[in-house]
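One structure is given here, and the rest of the page talks about it.
Numbering (our numbering), first residue to last: 433 to 693.
Below, the structure written as structure tokens:
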């Protein structure tokens, strides 16, 4: 089910098509023993599937939206410098999971117009899930509307977080530990999935201390259109702010305060 009433319906249809193109590249190479894995300068993994997926998406966008710019994790920014439209692509979010055979990975596709993300698609074929949203059109998972939870106390909340070591490395380990001891339950789901769980109402808060724009652009609009709130840990509503906090909105300020203490 893909028909969603939205002022950006045509853009959403294209983004969903791009997700299909991505799945056709990523799925056959998942758990393939011949997959070529390299290391970037920061020592993070990059695979031939990452590169092939981004290249396939770019080819289709060149045909369908030649006047749009495209920012991808692997190839950077390509396209007209003065375009008011920009696609933001993460070909495989959670590449480390992909390499290890863990099915928690996704292709993230977002469309930004004049600085505001208006379309977002998160496709996780190994989980059999796909989420999407358009600005003003609501958020959906597998064709069904989704919404954040109504939990209004930290003590009753489910908290999701990324790698504990990254919190410690960025001086926020103690804040995370203190917050998890207050919550009903904390789980290290990490990456895109924890934010989608917030959007679905399965988790109430998701937080990560360091992250890039292409990891968050699609995530942000899904969370917001599901009724949640998205900022960085400084409280700024932006996907390029270097960190991320998704919540059902009710708990957001209290979580921000916990990391500022």
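All residues carry an ideal CB built from backbone N, CA and C; glycine is no exception. The model shown is predicted, which means the values in this text are computed figures rather than measured ones.
- Cβ-Cβ separation between residue 501 and residue 607: approximately 37 Å, too far for a contact (criterion under 8 Å).
- According to the DSSP secondary-structure assignment, residue 519 is paired through a beta bridge with 502, 543.
- Counting along the chain, the unbroken beta strand (DSSP E) around residue 566 starts and ends at 561 to 566.
- Contact between residue 538 and residue 526 holds: CB atoms are separated by about 7 Å, below the 8 Å threshold.
- The three-state secondary structure of residue 574, taken from DSSP, is coil.
- Note that the C-beta distance between residue 630 and residue 589 is not below 8 Å.
- Selection 633, 632, 672, 657 evaluated against residue 648 yields 672 as nearest (Cα-Cα).
- When Cβ pairs closer than 8 Å are counted between the two stretches, the stretch 450 to 465 is seen not to touch the stretch 574 to 589, the count staying below three.
- DSSP places residue 617 within a strand segment (E or B) once states are collapsed to three.
- Assignment of alpha helix (DSSP H) within the stretch 592 to 651, counting only whole runs of 4 or more residues, yields 596 to 601, 605 to 614, 623 to 632 in chain order.
- Distance from the CA atom of residue 443 to the CA atom of residue 549, rounded to whole angstroms, is 12 Å.
- Straight-line spacing of the CA atoms in residue 571 and residue 512 works out to 30 Å.
- For residue 528, no beta strand (DSSP E) encloses it; the enclosing alpha helix (DSSP H) starts and ends at 527 to 532.
- Beta-bridge partners of residue 470 (DSSP): 478.
- Non-local beta-carbon contacts of residue 481 in its own chain, meaning distances under 8 Å to residues more than five positions away in sequence, involve 457, 458, 461, 462, 467, 523, 524, 530 in chain order.
- Taking a cut-off of 8 Å for Cβ pairs, the stretch 615 to 628 and the stretch 476 to 490 do not touch, as fewer than three such pairs fall below it.
- Sequence-distant Cβ neighbours of residue 682 in its own chain, meaning closer than 6 Å and more than five residues away, are 584.
- If you ignore the 5 residues before and after residue 454, its C-beta comes within less than 8 Å of the C-beta of 485, 488, 489, 523, 539, 541, 555, all in its own chain and listed in chain order.
- Checking the DSSP bridge columns, you'll see residue 663 partnered with 677.
- For residue 650, the CB contacts under 7 Å within the same chain, skipping 5 residues up- and downstream, are 540, 541, 542, 552, 553, 554 in chain order.
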